[in-house]
Every structure is written in structure tokens, then in C-alpha cells.
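**Q**
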Amino acid sequence: MWLAAIDLVLSRLRDAGCSFARIKGISGAGQQHGSVYWSANGELLLGALKEDGSLVEGLEGAFAWEFSPNWQDASTQAECDAFDEVLGSKERLAEVTGSKAHHRFTGPQIMRFRKLRPEVYRQTSRITLVSSFLASVFLGKIAPFDISDVCGMNLWDIKAGAWSEPLLTLAAGSDGLMSLRSKLGIVREEGGGRMGSISSYFVKKYGFPSDCGIAPFTGDNPSTILALPLRPLDAIVSLGTSTTFLMSTPKYIPDPAYHFFNHPTTAGLYMFMLCYKNGGLAREKVRDALAPSTTADPWDTFNKLALATPPLGQASQDDPAKLELFFPLPEIVPNVRAGTYRYTCASNSLNLQESAEGTWTPKDDARAILESQILSLRLRSHNLVVSATPSRPPQPRRIYLVGGGSLNPAIARLVGEVLGGAEGVYKLDVGGNTCALGGAYKAVWAIEHSEGESFETCIGERWRESEAVEKVDVGYREEVWGRYGDVLGAFGEMEQRVLAEQVSV
Ligand SMILES: Nc1ncnc2c1ncn2[C@@H]1O[C@H](COP(=O)(O)OP(=O)(O)O)[C@@H](O)[C@H]1O
Ligand SMILES: O=C(CO)[C@@H](O)[C@H](O)COP(=O)(O)O
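Residues 1 to 505 in UniProt numbering are what the sequence shown lists, from first letter to last.
1) Would you report the Cα separation of residue 471 and residue 33, rounded to the nearest angstrom?
2) If you follow the alpha helix (DSSP H) that residue 224 is part of, which residue opens it and which one closes it?
3) List the residues that DSSP assigns as beta-bridge partners of residue 321.
4) From the DSSP output, in three-state form, read off residue 386 for me.
5) To the nearest angstrom, how far is it from the Cα of residue 140 to the Cα of residue 300?
6) Which of the three DSSP states is assigned to residue 398 in this structure?
7) Taking only the alpha-carbon atoms, compute the straight-line gap between residue 114 and residue 121 and give it to the nearest angstrom.
8) Just to confirm, does residue 156 get its C-beta within under 8 Å of one of the non-hydrogen atoms of ligand 2?
9) Output needed for residue 130: all residues of its chain with C-beta closer than 7 Å, excluding positions within five of it in sequence on either side, in chain order.
10) Can you tell me which of 232, 302, 291 puts its alpha carbon nearest to the alpha carbon of residue 270?
11) In the DSSP assignment, the alpha helix (DSSP H) including residue 483 goes from what residue to what residue?
12) Mapping DSSP to helix, strand and coil, what is residue 436?
13) Is it buried or exposed, residue 447, if we count other Cβ atoms within 10 angstroms and call 16 or more buried?
14) What does DSSP give as the partner residues of residue 201 in its beta bridges?
15) Which of the three DSSP states is assigned to residue 1 in this structure?
16) I want to know whether the stretch 277 to 284 touches the stretch 342 to 353 - three or more CB-CB distances under 8 Å.
17) Give me the DSSP bridge partner(s) of residue 271.
18) Would you list the one or two residues that DSSP bridges to residue 353?
19) Start and end of the beta strand (DSSP E) containing residue 424?
20) Given 8 Å as the limit, tell me if residue 244 has its C-beta closer than that to any heavy atom belonging to ligand 3.
21) If you draw a straight line from the C-alpha of residue 50 to the C-alpha of residue 204, how long is it?
22) Using a Cβ distance threshold of 8 Å, determine whether the stretch 350 to 370 contacts the stretch 319 to 327, with at least three qualifying pairs required.
23) Determine whether the beta carbon atoms of residue 103 and residue 73 lie at a separation below 9 Å.
24) Mind checking whether the beta-carbon of residue 32 lies closer than 8 Å to any heavy atom of ligand 2?
25) Roughly how many angstroms separate the alpha carbons of residue 486 and residue 477, rounded to a whole number?
26) Could you give the distance in angstroms between the alpha-carbon of residue 146 and the alpha-carbon of residue 490?
27) How far does the beta strand (DSSP E) with residue 506 in it reach, from first residue to last?
28) My guess is that residue 509 and residue 264 are in contact by the Cβ rule of under 8 Å, so how many angstroms apart are they, rounded?
29) Can you give me the C-alpha to C-alpha distance between residue 498 and residue 257, rounded to a whole angstrom?
30) Have a look at residue 262 and residue 221 and give me their C-alpha separation to the nearest angstrom.
31) Return the residue from the list 405, 494, 43 that minimises the CA-CA distance to residue 125.
32) List, from N- to C-terminal side, the beta strand (DSSP E) runs of 3 residues or more that fit wholly inside the stretch 54 to 133.
33) According to DSSP, is residue 239 part of a helix, a strand, or is it coil?
34) Per DSSP, which residues does residue 470 bridge with? Please list them.
35) When every heavy atom of ligand 2 is checked, does at least one fall within less than 8 Å of the C-beta of residue 275?
36) Might you give, ordered along the chain, the residues of its own chain that have their beta carbon closer than 6 Å to the beta carbon of residue 177, omitting 5 neighbours on each side?
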């Protein structure tokens with residue numbers, strides 16, 4: 001499917017008159033953590049592609065396994081337990097690899113793949129991520145891992161800049177460390193530069209110049225932070241199927257609650273990330289439980305209710321504050337089973353209590369789900385932010401919204417009220433796909449930058465902010481932001497109680 005998609009998108013671009021001959025470099029983005037299993041013939045077939053056939057035809061037999069486990073897979077709890085234990089604790093695993101073990105991370109996925117299909121694993125000659133798979137197709141040979149995307153595997157020792165031997169040994173089991181090492185190959189330290197020229201398949205079939213450079217491709221989230229010249233303290237909230245919160249930071253403060261990756265372009269910088277499975281689809285479920293909208297906008301009723309309901313559902317501050325976790329899918333942070341959990345507490349976080357059945361209506365959920373999703377971002381990111389200006393308490397400087405949900409004015413307002421934004425909340429108005437744009441900017445920087453020129457400087461010089469961003473909310477409002485801060489303690493405690501109940505069941 002992915003191979004067919006590459007030919008399809010290129011043929012559509014050709015039909016639309018795109019002048020491939022002017023393209024000097026290509027980079028790109030692939031969904032993080034997914035793994036692709038190549039056969040012994042894979043690289044040979046990549047190098048022998050003929051322009052009169054398709055990629056699907058030319059790469060018949062190139063894969064040891066025709067599926068790619070993707071980021072929504074949650075079948076690896078046993079493997080994650082082993083990963084969390086092998087270095088001593090999940091805290092230690094987070095310190096070494098930037099994350100505790102997660103179901104979707106490629107190390108636990110490879111371990112399970114080997115256990116489920118030992119023969120296929122043995123016949124696998126190379127394993128790539130989705131990003132390096134895509135780069136390999138354009139390069140005509142297997143591409144190395146990208147220095148940022150490799151951090152989504154639970155296998156890479158970030159500080160040492162090397163594969164972690166105990167973690168590789170765990171994933172490889174009795175098949176042995178050396179065999180997994182050779183399946184994985186190397187990691188390219190530099191996020192920029194050229195890995196080589198484009199494969200002749202694309203030159204002959206689509207008319208790319210033969211010296212068109214292939215830069216390292218990265219993950220969808222690392223690529224998203226490259227969709228603009230992001231400054232320290234600026235945050236991106238991606239409101240797609242998943243919700244992700246991204247910041248670029250020089251501080252490496254790993255913790256099992258979130259992720260650190262190497263920055264995709266700049267050595268010494270890191271990318272901080274939170275990732276939730278229950279993003280857009282969970283909001284849609286709440287929307288669909290309400291009376292249908294009377295306008296063409298399906299979000300109209302949801303938005304009106306979200307804005308008409310007072311913060312935390314409190315008509316007065318003496319009323320109990322309503323807190324909710326709405327997880328139609330098992331969640332990543334916190335790692336809890338699917339379910340809806342409803343509590344109340346006093347305005348100062350005391351007296352947290354589970355709500356009795358039937359005391360909430362679907363109307364309460366419209367504001368509560370947004371508050372819940374954004375409070376979780378605030379709870380987990382507050383250690384990373386400092387005061388951008390003396391008049392503002394620690395919070396992100398600008399918050400940029402991207403993805404489908406960024407079109408929604410009620411969500412923008414709630415992001416400002418709950419999370420703040422010392423300079424406001426902005427919509428990144430760059431067309432439908434922010435991570436693809438980041439991939440394109442990465443190619444520009446990779447191929448064009450002068451010696452030592454940072455991504456932010458190189459792209460900043462070409463960036464016309466007024467054309468690319470729109471302010472959609474003022475951001476920080478002292479009173480309401482303070483009220484949300486007062487219930488953060490109860491919000492964290494609610495998560496702990498839900499987690500504890502699951503352990504005891
Ligand atoms: N006006 C809107 N308000 C709220 N959510 C929206 C709106 N328009 C689209 N969405 C949501 O955006 C999500 C898709 O966003 P997108 O960035 O395309 O996701 P992905 O790239 O992860 O597939 C859907 O879950 C949809 O509900
Ligand atoms: O797993 C993660 C990040 O760790 C997700 O952010 C996926 O990378 C999302 O992919 P899409 O559903 O947005 O394509």
C-alpha cells in the first residue's frame with residue numbers, strides 16, 4: 001500500500017504539472033515507531049528497479065513480512081515489562097533512551113515480532129523504521145536510521161550516541177545481539193546533508209535530476225517541529241487523530257511520563273513530546289452524543305456548549321469542580337484501560353471524589369473533555385517551561401495549533417484558558433499537512449545550509465510569518481489560568497487513583 005502510494009502521489013504531481021527537474025533535494029516524514037522487515041533480496045531489488053514497472057512490481061519479494069506494526073498497536077505489555085526491568089527501572093530506561101517502555105516503540109515491537117514469528121524474523125535481513133523505509137525507496141538502497149526517529153525505539157542510548165547492548169540483547173533473545181545489530185544497521189548522526197542521489201527509477205520515470213539529493217527522513221512528530229522556525233519555549237499542539245505536544249529544548253530531563261528525542265536537525269538540542277491516543281476521535285465521540293448541529297458545521301453544538309459551560313463546570317467557585325478522563329481507547333499517558341472516569345473536587349484540589357453514576361450529562365462532557373485533554377498537557381509540561389516575560393508565570397511563550405482540530409475556535413480558546421501562552425495561541429496555517437511541510441523544509445536546510453547554519457536561521461530567513469500563522473486566542477488569562485492551576489493536583493491524583501484501581505482489579 002505504501003509503495004503504491006508513492007507512485008500514486010508522484011504520478012498525480014506529474015499530472016498536475018510539477019516540474020520534478022527543478023527539485024534539488026528530498027526529505028520526508030514517516031509515522032513514528034512502525035517497522036518494516038526486508039528480505040535478503042530487498043536491497044538488491046531496490047537497486048534494480050525498472051522505470052517501466054511500478055514500485056509494487058519491482059519490489060515483489062523485497063520484504064520478509066508484508067505488514068508493518070504501527071503506533072496504535074498495544075499488544076506488547078509483556079515486552080514492555082521486560083524493557084522497563086532490564087536496566088533496573090522504567091526511570092533508568094527513560095534516562096537512557098528518552099522514554100520508558102511503550103507498546104508502540106519499535107524495540108518491544110521487534111521483540112514480540114521475533115517471538116511470534118521466529119522464522120520470519122530469522123529470514124529478515126534488515127529492519128527499517130517507516131521513515132528510513134521511505135528514504136530507502138528514494139535512495140535505491142537501505143537508508144540508515146535518522147538520529148531523531150531512532151529515539152522512538154527504546155533501543156538507542158541517547159547520551160552515549162550508540163545502540164544500547166542490554167536492550168538489543170533483550171529484543172534479540174536467543175537469536176543474539178549480533179544478528180539484531182546487523183538487521184538494524186547504522187544510525188546517521190547528522191540530521192542534514194545528503195545520504196546519496198535519488199534512485200534512477202525516479203529519474204527515468206518522473207524526471208527528477210540525477211543529482212537530486214536524498215536527505216535523512218524523520219518521524220512525523222520531529223518533522224512537525226520543523227514546519228516553522230520554532231523558538232525555545234514555543235510549543236506545538238498537534239490536534240490530529242492523536243494529540244501530541246511538542247517543544248524543542250536544550251534541557252534533557254527524561255521522565256517515564258513523557259518522551260525525549262534527539263532534535264531532528266540540531267545536535268545538543270532535544271525534542272520533548274507527549275502523545276495521546278485519545279485525541280480527535282474521542283472528541284468526535286462526545287460531539288456525536290450531543291444533539292446534531294443545526295448548521296453545516298458538525299462542531300457547532302459541541303462548541304457552543306463548550307464555551308457556554310463555566311470553567312470546570314462550576315457556576316460558582318463553591319460548587320465542586322468537575323474533572324474527567326475520557327478514553328474510548330486505552331491511553332498512553334496515563335497508561336490506563338479504555339473507560340470514562342468522572343470525579344469532582346473543591347476549587348483548591350481537596351476532597352477529590354468519584355462522581356456517582358448519572359450525575360453528568362453529555363452536555364457537561366463538551367467542555368470537560370477539552371479541559372481534561374489540555375490539563376494533561378499542562379500537568380506534564382510545567383517542569384519544562386519558565387517565565388517568558390517577568391509578568392507571566394512559567395508557561396509556553398507561543399502555542400501553535402496544527403492538525404484537524406486547529407480549525408476549531410472553541411478548542412483554541414480552551415487551550416489559551418487552560419495552558420496559557422504568554423504571547424498567545426496561534427494556528428499554523430500552512431495547508432493540510434504540517435509534518436509534510438516540515439519534511440520539505442528539512443530538505444531545504446539539509447541541502448542548502450551553509451557550514452554551521454542552524455535550521456532555524458536557514459528557514460527563518462525564508463519564513464514569512466504573516467502568511468503562515470494566525471493568532472486565534474490571546475492565550476494567558478490570569479484568573480482562569482490560575483483556577484486551572486489550582487486543580488492540577490487533583491487532576492494528577494485522579495489519574496493515580498484510576499491507575500491504582502486497575503492494578504488492584
Ligand atoms: N472543525 C474541527 N473541530 C474539531 N476537530 C476537527 C475539526 N475538523 C477536523 N477535526 C478533527 O481532526 C482530526 C483529523 O486531523 P488530522 O490532522 O487530519 O489527523 P491525522 O493526520 O492524525 O490523521 C479528526 O479526528 C477530526 O475530528
Ligand atoms: O506514536 C506517535 C508518536 O509517538 C504518534 O504521534 C504517531 O506518530 C501518529 O501518527 P498519525 O496517526 O498522526 O499518522
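In this text, a Cβ means the ideal position worked out from N, Cα and C, and glycines have one as well.
Note that the structure is predicted; figures quoted are calculated from it, not measured.
**A** According to the data block:
1) On the sequence shown, residue 471 is found 471 positions in, with the first residue counted as 1. On the sequence shown, residue 33 is found 33 positions in, with the first residue counted as 1. Residue 33 has its alpha-carbon roughly 33 Å from the corresponding atom of residue 471.
2) If you number the sequence shown from 1, residue 224 lands on position 224. Element bounds for residue 224: 220 to 224.
3) For the purposes of this step, residue 321 is taken as residue 321 along the sequence shown, with counting starting at 1. 345.
4) Taking the first residue of the sequence shown as 1, we reach residue 386 at position 386. Three-state result, residue 386: coil.
5) If you number the sequence shown from 1, residue 140 lands on position 140. If you number the sequence shown from 1, residue 300 lands on position 300. For residue 140 and residue 300, the distance between alpha carbons rounds to 49 Å.
6) Counting from one through the sequence shown, the residue named residue 398 turns up at place 398. Three-state result, residue 398: strand.
7) Residue numbering aside, residue 114 sits at position 114 when the sequence shown is read from its first letter. Residue numbering aside, residue 121 sits at position 121 when the sequence shown is read from its first letter. Residue 114 and residue 121: Cα-Cα distance of roughly 5 Å.
8) By one-based count along the sequence shown, residue 156 stands at place 156. Placement of the Cβ of residue 156 at a distance of 8 Å or more from every heavy atom of ligand 2 is found.
9) Residue mapping note: residue 130 aligns to position 130 of the sequence shown, counting from 1. So the qualifying residues of the chain are 30, 31, 34, 36, 68.
10) Against the sequence shown, residue 270 aligns to sequence position 270. That would be 232, whose Cα lies nearest to the Cα of residue 270.
11) Looking up residue 483 in the sequence shown gives position 483. Residues 478 to 486.
12) Counting from one through the sequence shown, the residue named residue 436 turns up at place 436. Under the three-state reduction of DSSP output, residue 436 falls in the helix class.
13) Reading the sequence shown from its first residue, position 447 is the one you call residue 447. A residue is called buried once 16 or more other Cβ atoms fall within 10 Å of its Cβ, and residue 447 is buried on that count.
14) In the sequence shown, counting from the first residue as 1, residue 201 sits at position 201. Bridge partners of residue 201: none, in fact.
15) Against the sequence shown, residue 1 aligns to sequence position 1. Here residue 1 sits in coil by DSSP.
16) Cβ pair count under 8 Å is below three, so no.
17) If you number the sequence shown from 1, residue 271 lands on position 271. Answer is 248, 261, bridged to residue 271.
18) In the sequence shown, counting from the first residue as 1, residue 353 sits at position 353. For residue 353, which the question treats as bridged, DSSP gives the partners 344.
19) Reading the sequence shown from its first residue, position 424 is the one you call residue 424. Unbroken beta strand (DSSP E) run through residue 424: 424 to 428.
20) Absence of ligand 3 from the depicted structure is noted, with ligand 1 and ligand 2 being the only ligands included.
21) Within the sequence shown, numbered from 1, the residue matching residue 50 stands at position 50. Within the sequence shown, numbered from 1, the residue matching residue 204 stands at position 204. Rounded to whole angstroms, residue 50 to residue 204 spans 9 Å at the Cα level.
22) Inter-segment contact for the stretch 350 to 370 and the stretch 319 to 327 is present: three or more beta-carbon pairs are separated by less than 8 Å.
23) Position 103 of the sequence shown, counting from 1, holds the residue named residue 103. Position 73 of the sequence shown, counting from 1, holds the residue named residue 73. Yes. Within cutoff.
24) What you label residue 32 is simply residue 32 of the sequence shown in a count that begins at 1. In terms of side-chain proximity, the C-beta atom of residue 32 is found nearer than 8 Å to a non-hydrogen atom of ligand 2.
25) For the purposes of this step, residue 486 is taken as residue 486 along the sequence shown, with counting starting at 1. For the purposes of this step, residue 477 is taken as residue 477 along the sequence shown, with counting starting at 1. Rounded to the nearest angstrom, the two C-alpha atoms are 14 Å apart.
26) Indexing the sequence shown from 1 puts residue 146 at position 146. Indexing the sequence shown from 1 puts residue 490 at position 490. Each residue's Cα considered, the two are about 40 Å apart.
27) Past the edges of the chain, shown from 1 to 505, lies residue 506, and the structure says nothing about it.
28) It is not possible to answer for residue 509, since the shown part of the chain is limited to 1 through 505.
29) Walking along the sequence shown from the start, residue 498 turns up at place 498. Walking along the sequence shown from the start, residue 257 turns up at place 257. Going by the C-alpha atoms only, they are around 16 Å apart.
30) To locate residue 262, count along the sequence shown from 1; it is residue 262. To locate residue 221, count along the sequence shown from 1; it is residue 221. Looking at the two C-alpha atoms, the distance is approximately 12 Å.
31) Numbered from its first residue, the sequence shown carries residue 125 at position 125. Considering only alpha carbons, the answer is 43.
32) For the stretch 54 to 133, the continuous beta strand (DSSP E) assignments of 3+ residues that do not extend past its boundaries occur at 126 to 129, in sequence order.
33) For this step, residue 239 is matched to residue 239 along the sequence shown. In the structure shown, residue 239 sits in a strand (DSSP, three-state: E or B).
34) Counted from its first residue, the sequence shown places residue 470 at position 470. Answer by DSSP bridge pairing, in chain order: 427.
35) One-based indexing of the sequence shown puts residue 275 at position 275. Ligand 2 has a heavy atom closer than 8 Å to the beta-carbon of residue 275.
36) Locating residue 177 in the sequence shown gives position 177, counting from the first residue. The residues are 168, 169.
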